[in-house]
Amino acid sequence: MTRVARDRLAEVTGSRWFAVVTDVALAAAAVVDVIVLLPRWTPFEIALAAIAVLGLLVRRRLPWVAFALVLPGLVVDAMTIAAPIALYSVAVRERRLPPLLIAGAVTFACFLLPDWQLPELDYLAPSLLYALLYAATPIALGALVRTRRELSDRVAELSAARAAERLRDEQDVLRRERIRLSREMHDVVSHQVSLIAVQAGALQVASADPDARRAADVIRSLAVRTLDELRQMVGVLRAEGAPAPGDKPQPTLGDLPSLVADSGLSAELVTEVPVDLAPAVQRAVYRTVQEGLTNVRKHAPGAVVKVSIRATTATIDVVISNDAPTEPALTLPSSGTGLRGLRERAELLGGRLDAASEAGGGFRLSVSLPRRVPRR
Numbered sequence: 269m270t271r272v273a274r275d276r277l278a279e280v281t282g283s284r285w286f287a288v289v290t291d292v293a294l295a296a297a298a299v300v301d302v303i304v305l306l307p308r309w310t311p312f313e314i315a316l317a318a319i320a321v322l323g324l325l326v327r328r329r330l331p332w333v334a335f336a337l338v339l340p341g342l343v344v345d346a347m348t349i350a351a352p353i354a355l356y357s358v359a360v361r362e363r364r365l366p367p368l369l370i371a372g373a374v375t376f377a378c379f380l381l382p383d384w385q386l387p388e389l390d391y392l393a394p395s396l397l398y399a400l401l402y403a404a405t406p407i408a409l410g411a412l413v414r415t416r417r418e419l420s421d422r423v424a425e426l427s428a429a430r431a432a433e434r435l436r437d438e439q440d441v442l443r444r445e446r447i448r449l450s451r452e453m454h455d456v457v458s459h460q461v462s463l464i465a466v467q468a469g470a471l472q473v474a475s476a477d478p479d480a481r482r483a484a485d486v487i488r489s490l491a492v493r494t495l496d497e498l499r500q501m502v503g504v505l506r507a508e509g510a511p512a513p514g515d516k517p518q519p520t521l522g523d524l525p526s527l528v529a530d531s532g533l534s535a536e537l538v539t540e541v542p543v544d545l546a547p548a549v550q551r552a553v554y555r556t557v558q559e560g561l562t563n564v565r566k567h568a569p570g571a572v573v574k575v576s577i578r579a580t581t582a583t584i585d586v587v588i589s590n591d592a593p594t595e596p597a598l599t600l601p602s603s604g605t606g607l608r609g610l611r612e613r614a615e616l617l618g619g620r621l622d623a624a625s626e627a628g629g630g631f632r633l634s635v636s637l638p639r640r641v642p643r644r
């Protein structure tokens, strides 16, 4: 269960408990009203008072039923607290004005009926005013609460609409950026890699040196593979992150031997991992080894490399270590984002990355990934 779901469940549970406590408190107030006047009542009046108390217990689900159940007690002057509570419950849920006016008029009349006599003129106006306040106040309060709830719901809807609009704007920006990136990758990177493949093919045909021909064949194969992966990435970018039709499967642990063999390095691969790992973990392991080998080629030419992939009960540990280089480092462009990208990939899966130089001029890159991908 996500944190948002837990918060929502806690909010709903708290609201239900508050409603239960409120209903019990109001019913208790009505019972106190009954107990105070109980000695003066007949059994019939006591029965009407009990019906009114029971009516309050259903006021949330059946407000009109609760209102009808409390009126007899009000007519015989057996209860005066339950009626405004029931009338308030009706006003909270009834949006139509005519039924509310009728309910108010009935409450007004029932309030005056028990002791109604033609009073003196001095007492007529206060009696009518008191009855009017008795009937109008619950309606006004209920209408106020209902309006507040409707406004809150409307504000929530507007907030959700604004959030959805912001999300659409963000997605539109990302879509345009993906299209721009795919265009640049296709026009620039694809062109350059294609030239590398063509030149390597020409060198393979023209050279008489077997070692040079093998090296040219490896270069051409790597260039073709790079073009293939580049086309997949361009397709994914243009499909707004969705898998493009015809995409080849992403690299897995089974592709590691060929990756190490084609690296052009003196590398040893040791793997002791199961074959049923999650695809995301397999891709992360593959990209980690790929980036580690790339860094060795760039920064430690001639170094001996050892790639170790081992599994524990909870993690998959990948270690790429090399000794000191035996040749000058190649002057190649570098943005420094390779390790940062690997670190982000590992952290998204719940793992960690460590990279540090070792004594003697070597370097060690280690990544620890959980065997199970955490749910988001």
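Per our numbering, residue 269 is the first one in the sequence shown, and the count goes up by one each step. Quick reminder that beta carbons are idealized off the backbone N, C-alpha and C, glycines included. All figures in this text were calculated on a predicted structure; none of them were measured in a lab.
**Item:** For Ile370 and Ile303, the rounded distance between their alpha carbons
**Value:** 30 angstroms
**Item:** Beta-bridge partners of Val572, as assigned by DSSP
**Value:** Ser534
**Request:** Could you check which residue in Trp285, Val374, Ala320, Arg284 has the C-alpha nearest to that of Ala298?
**Result:** Ala320
**Message:** Rounding to the nearest angstrom, what Cα-Cα distance links Arg327 and Ile349 in this structure?
**Reply:** 14 angstroms
**Asked** How many angstroms separate the CA atom of Pro645 from the CA atom of Gly532?
**Response** The requested residue 645 does not occur in the structure, where the chain is confined to residues 269 to 644.
**Own chain residues within Cβ distance below 6 angstroms of Leu342, not counting five before or after** = Ala351, Cys378
**Request:** Compute the beta-carbon to beta-carbon distance between Ala359 and Ala411, rounded to the nearest angstrom, for a pair I have assumed lies under 8 angstroms.
**Result:** Indeed they touch by this definition, with Cβ atoms about 5 angstroms apart.
**Asked** Would the stretch 432-441 and the stretch 462-476 be scored as touching if the rule is three or more Cβ pairs under 8 angstroms?
**Response** no
**Message:** Between which residues of its own chain and Lys574 is the CB-CB distance below 6 angstroms, once the five residues before and five after are set aside?
**Reply:** These residues qualify, in order along the chain: Glu536, Ser589.
**Request:** Rank Phe631, Gly628, Gly630, Gly618 by C-alpha distance to the C-alpha of Pro638 and give the top, closest one.
**Result:** Gly618
**Prompt:** Given a threshold of 16 other Cβ atoms within 10 Å of its Cβ, counted over all protein chains shown, does Val292 qualify as buried or as exposed?
**Reply:** exposed
**Request:** My understanding is that Ala465 touches Ala483, with C-beta atoms under 8 angstroms, so please give their C-beta distance in whole angstroms.
**Result:** So it is not a contact: roughly 14 angstroms between Cβ atoms.
**Asked** How is the alpha helix (DSSP H) around Val321 delimited, first residue to last?
**Response** Residues 311-324.
**Request:** Figure out for me which residue from Val338, Val288, Trp332, Pro547 has the closest Cα to the Cα of Ile314.
**Result:** That would be Val338, whose Cα lies nearest to the Cα of Ile314.
**Prompt:** Under the three-state reduction of DSSP, which class applies to Ile353: helix, strand or coil?
**Reply:** helix
**Message:** Which same chain residues end up closer than 7 angstroms to Val457 when comparing Cβ atoms and leaving out the 5 residues on each side of it in sequence?
**Reply:** Leu498
**Message:** For a test of the three-state rule: what should DSSP assign to Asp585, helix, strand or coil?
**Reply:** strand
**Asked** Taking the alpha-carbon positions, what's the Leu381 to Ala428 distance?
**Response** 51 angstroms
**Message:** Relative to the C-alpha of Ala624, which candidate in Ala582, Thr583, Asn563, Arg578 has its C-alpha closest?
**Reply:** Asn563
**Asked** Nearest-angstrom Cα distance between Pro513 and Ala552?
**Response** Interpretation of Pro513 is limited by its pLDDT of 46, a score under 50 that renders its predicted location unreliable; no figure is taken from the coordinates.
**Request:** Pick helix, strand or coil for Gly514, following the three-state DSSP scheme.
**Result:** Low local confidence applies: a pLDDT of 45 at Gly514 is under 50, so the model's placement there is unreliable, and no value is given.
**Message:** On the criterion of 16 or more Cβ atoms from any shown chain inside 10 Å, does Phe312 qualify as buried, or is it exposed?
**Reply:** exposed
**Prompt:** Just to confirm, does Pro352 get its C-beta within under 8 angstroms of one of the non-hydrogen atoms of the ligand ADP?
**Reply:** Among the ligands in the structure shown, none appear at all, so the ligand ADP cannot be discussed.
**Message:** For Gly560, count the other beta carbons within 10 Å of its own beta carbon; 16 or more makes it buried, fewer makes it exposed. Which is it?
**Reply:** buried
**Message:** Distance check for Arg329 and Leu400, CA to CA, integer angstroms please.
**Reply:** 27 angstroms
**Pro511 classed as buried or exposed, judged by whether at least 16 other C-beta atoms fall within 10 angstroms** = Because the pLDDT at Pro511 is just 47, under 50, the model does not fix this residue reliably, and the point stays unresolved.
**Asked** Which word fits Arg488, buried or exposed, when buried means at least 16 other C-beta atoms lie within 10 angstroms of its C-beta?
**Response** buried
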